[in-house]
Structure formats: C-alpha cells, structure tokens
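Participant: Attaching a single structure in structure tokens format; questions to follow.
Residue numbers (full-length UniProt numbering): 1 to 251.
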C-alpha cells in the first residue's frame, strides 16, 4: 500500500499524532518512514525506543504534523491561502491584536470573525464526516475510488477513478505486469494518471537519483523516458533540484 493510501485510511487520532502502529513497526503517515519495534535508536547523544523515536523523526523531518498538513494543497485542506496564514498564526499562540498587526488587516474584530468562521467550518466538517461514516453502512452501490496521492499538484475530475477503472487501465497498458514495459503511453489524462502512479510506486522512495540513474530506471517502462520523467514531476509524484541534477519521490 502506498503512503497516500495509508494516509487517507488513517483515523483522526492517527493523523493527529502523524503515525500508525503496525505489528512490527511504527509508520510515519507523512513520508512512509518505518521505525522497527524492538530496536533502540541513537539521536543526538541520546537513545530512544521505537515509539519515542517515531516522534523524534516527525519533529526532525517534518517539523510537526500541523505544519505538514497545512502545507498540503488547498484542494486537500479546503483552506484558502489567507486562512492558512491565519491558522498558522493561531497555532503559534498569537493573540488577535498581534495577528492584526502582523497581517496589517482590518481590526481585532476582523480576526475574531475569522476565528468564528473557522469554528463554523470545523462544525460542518464534523457533521459531514459523521454522515459519510453512516452512509458507508447504507450505500451498497458506492464504487471504491482510488485515493488521491497527497502530493498531487492539480486535483480535478481526472482523479475520479474507481478501482474497477484502475484495474482495466493497468491491464490495458501493462499486459505483462506492472514491472514490465508499457505497450504505449496513454493520451487521456485519467489513464495517464493511473500509469504514472504505477510507475512512481516502482521507484525507490528512499533514494535520491542522479538524472542518469532515474533515466535508466524509467527506460525499463518506456523508451521516451524524458516524457515519463516530465509527467512524474508535473503530476507531483517526483520532486527535483532546480537544475534537474537530482530527483526523488515526493512524500
């Protein structure tokens, strides 16, 4: 299961702490890092058991769960850029007067209005989540949708993909299996997304690739590796240095 699937399937409590507990390890929901149980981990002249070290990992790698979530695409958070700035300042513990001065907007009553609007959004979200949970027990005809990868750069109707559609597309373009070459690169956006997602899952997420190394890996899927590489970056599966000298799986 890819990290986006684990992330979207996590409970609210698991999302708040940033990791899930599995039988043999703790898995970071933000990047997929696994911390094996039964091992003592050294960090900055101290030693940590796994359950504490996963928290150290989150603090050291992601700063905080809050910061990581706030940085996600606005279509995933439902927040405008302005709301994100306000929430970040609220999280820092600043009062209304300090926020009004820092953002140079309106008055302290304007900030209080924003606080009220965010609380209203929270109430709506709780109601909606409850209804969706209840709906799961009744809607026998609801198709299974493929989760949106949380590093997606453009979220629109192309992500409206059911599990059945996904399986058909994989069979069409990877008739010999997903570790074998593509028959061709699809022209339709939805099919392209499925294919790119599958290729991204075959790339080592722990490795930072030189351009030539990545090219060699992508050649195994399609001759026009430059096209595949460009779309992997464009769709948010890969990130790279500005000069294109290094590539890595975006988490």
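Yeah, the Cβ is synthetic: ideal placement off N, Cα and C, and Gly gets one too.
1. Count the other C-beta atoms from every protein chain shown that fall within 10 angstroms of the C-beta of residue 145, then say buried if there are 16 or more, exposed otherwise.
2. What separation, rounded to the nearest whole angstrom, lies between the Cα atoms of residue 60 and residue 41?
3. Spatial neighbours of residue 24 within its chain, please: CB distance less than 7 Å, with the 5 preceding and 5 following residues excluded, ordered by chain position.
4. Look at residue 221 and residue 175 and say whether their C-beta atoms are less than 8 Å apart.
5. From the DSSP output, in three-state form, read off residue 179 for me.
6. Check for me: the beta strand (DSSP E) holding residue 20 runs from which residue to which?
7. Note down the Cα distance separating residue 6 from residue 95, rounded to an integer number of angstroms.
8. Can you tell me where the alpha helix (DSSP H) with residue 75 in it begins and where it stops?
9. To the nearest angstrom, how far is the alpha carbon of residue 244 from that of residue 230?
10. Tell me the residue span of the alpha helix (DSSP H) that contains residue 198.
11. Please report the distance separating the alpha-carbon of residue 165 from that of residue 201.
12. Given residue 98, which residues of its chain have a CB within under 7 Å of its CB, disregarding the five upstream and five downstream residues?
13. Would you tell me roughly how many angstroms separate the C-alpha atoms of residue 21 and residue 27, rounded to the nearest one?
14. From residue 137 to residue 127, what distance separates their C-alpha atoms?
15. Rounded to whole angstroms, what's the CA-CA distance from residue 123 to residue 86? Just pull it up for me.
16. Closest by CA to residue 69, which one among 18, 93, 216, 55?
17. Rounded to the nearest angstrom, how far is the Cβ of residue 29 from that of residue 12, given a contact under 8 Å?
18. Taking only three categories from DSSP, how would you classify residue 211?
19. Rounded to the nearest angstrom, how far is the Cβ of residue 249 from that of residue 238, given a contact under 8 Å?
20. Please determine, among 129, 189, 167, the residue with the shortest C-alpha to C-alpha distance to residue 157.
21. Name the two residues that bound the continuous alpha helix (DSSP H) containing residue 45.
22. Assuming residue 151 is part of the alpha helix (DSSP H), what are its boundary residues?
23. Which whole-angstrom value is the C-beta distance of residue 205 and residue 178, which I expect to be below 8 Å?
24. Apply the 10 Å Cβ neighbour rule to residue 214 and answer buried if 16 or more other Cβ atoms are within range, or exposed otherwise.
25. Ends of the alpha helix (DSSP H) at residue 323?
26. Find the nearest neighbour of residue 168 within the set 8, 191, 57, 147, judged by alpha-carbon distance.
27. Alpha carbons only, please: which of 114, 251, 110, 62 is nearest the one belonging to residue 84?
Facilitator: In short, the structure shows the following:
1. Translated into the one-based positions of the chain shown, residue 145 becomes position 145. By the 10 Å Cβ count, residue 145 comes out exposed.
2. Indexing the chain shown from 1 puts residue 60 at position 60. Indexing the chain shown from 1 puts residue 41 at position 41. Computed Cα separation, rounded: 14 Å.
3. If you number the chain shown from 1, residue 24 lands on position 24. 36, 37, listed in sequence order.
4. The residue labelled residue 221 in the question sits at position 221 within the chain shown. The residue labelled residue 175 in the question sits at position 175 within the chain shown. Contact: no.
5. Looking up residue 179 in the chain shown gives position 179. Three-state result, residue 179: coil.
6. Here residue 20 refers to the residue found at position 20 of the chain shown. Where residue 20 is concerned, the enclosing beta strand (DSSP E) stretches over 19 to 21.
7. Indexing the chain shown from 1 puts residue 6 at position 6. Indexing the chain shown from 1 puts residue 95 at position 95. Rounded to whole angstroms, residue 6 to residue 95 spans 36 Å at the Cα level.
8. Numbered from its first residue, the chain shown carries residue 75 at position 75. That run of the alpha helix (DSSP H) goes 74 to 77.
9. As a position in the chain shown, residue 244 is number 244, starting the count at 1. As a position in the chain shown, residue 230 is number 230, starting the count at 1. Between residue 244 and residue 230, the C-alpha separation is close to 11 Å.
10. Here residue 198 refers to the residue found at position 198 of the chain shown. Per DSSP, residue 198 belongs to the alpha helix (DSSP H) from 189 to 201.
11. Counting from one through the chain shown, the residue named residue 165 turns up at place 165. Counting from one through the chain shown, the residue named residue 201 turns up at place 201. Near 18 Å, if we compare the C-alpha coordinates of residue 201 and residue 165.
12. The residue you call residue 98 lines up with position 98 of the chain shown. Excluding sequence neighbours, residue 98 sits near nothing in its chain.
13. Locating residue 21 in the chain shown gives position 21, where the first residue counts as 1. Locating residue 27 in the chain shown gives position 27, where the first residue counts as 1. One C-alpha to the other measures close to 6 Å.
14. What you label residue 137 is simply residue 137 of the chain shown in a count that begins at 1. What you label residue 127 is simply residue 127 of the chain shown in a count that begins at 1. Looking at the two C-alpha atoms, the distance is approximately 16 Å.
15. The count along the chain shown starts at 1 and reaches residue 123 at position 123. The count along the chain shown starts at 1 and reaches residue 86 at position 86. Cα to Cα, residue 123 sits roughly 18 Å from residue 86.
16. Locating residue 69 in the chain shown gives position 69, where the first residue counts as 1. Comparing Cα-Cα distances from residue 69 to each of 18, 93, 216, 55, the minimum goes to 18.
17. Within the chain shown, numbered from 1, the residue matching residue 29 stands at position 29. Within the chain shown, numbered from 1, the residue matching residue 12 stands at position 12. 12 Å between Cβ atoms; not a contact.
18. Counting from 1 along the chain shown, the entry for residue 211 is found at position 211. If DSSP states are grouped into helix, strand and coil, residue 211 belongs with the helices.
19. Within the chain shown, the letter at position 249 stands for residue 249. Within the chain shown, the letter at position 238 stands for residue 238. Indeed they touch by this definition, with Cβ atoms about 6 Å apart.
20. As a first step, residue 157 must be located in the chain shown, where it is residue number 157. Of the candidates 129, 189, 167, the one whose C-alpha sits nearest the C-alpha of residue 157 is 189.
21. Here the question's residue 45 lines up with position 45 in the chain shown. No alpha helix (DSSP H) holds residue 45; DSSP gives it neither H nor E.
22. Within the chain shown, residue 151 is the residue found at index 151, counting from 1. Note, residue 151: premise wrong, no alpha helix (DSSP H); not H, not E.
23. Taking the first residue of the chain shown as 1, we reach residue 205 at position 205. Taking the first residue of the chain shown as 1, we reach residue 178 at position 178. At roughly 16 Å, the Cβ-Cβ gap does not stay under 8 Å, so residue 205 and residue 178 are not in contact.
24. Translated into positions along the chain shown, residue 214 becomes position 214. Answer is buried; the Cβ neighbour count reaches 16.
25. Since the first and last residues shown for the chain are 1 and 251, residue 323 lies out of range.
26. Start at 1 with the first residue of the chain shown, and residue 168 comes out as number 168. The shortest Cα separation from residue 168 among 8, 191, 57, 147 belongs to 191.
27. Stepping through the chain shown from its first residue, residue 84 is reached at position 84. Relative to residue 84, the option among 114, 251, 110, 62 whose CA is nearest is 114.
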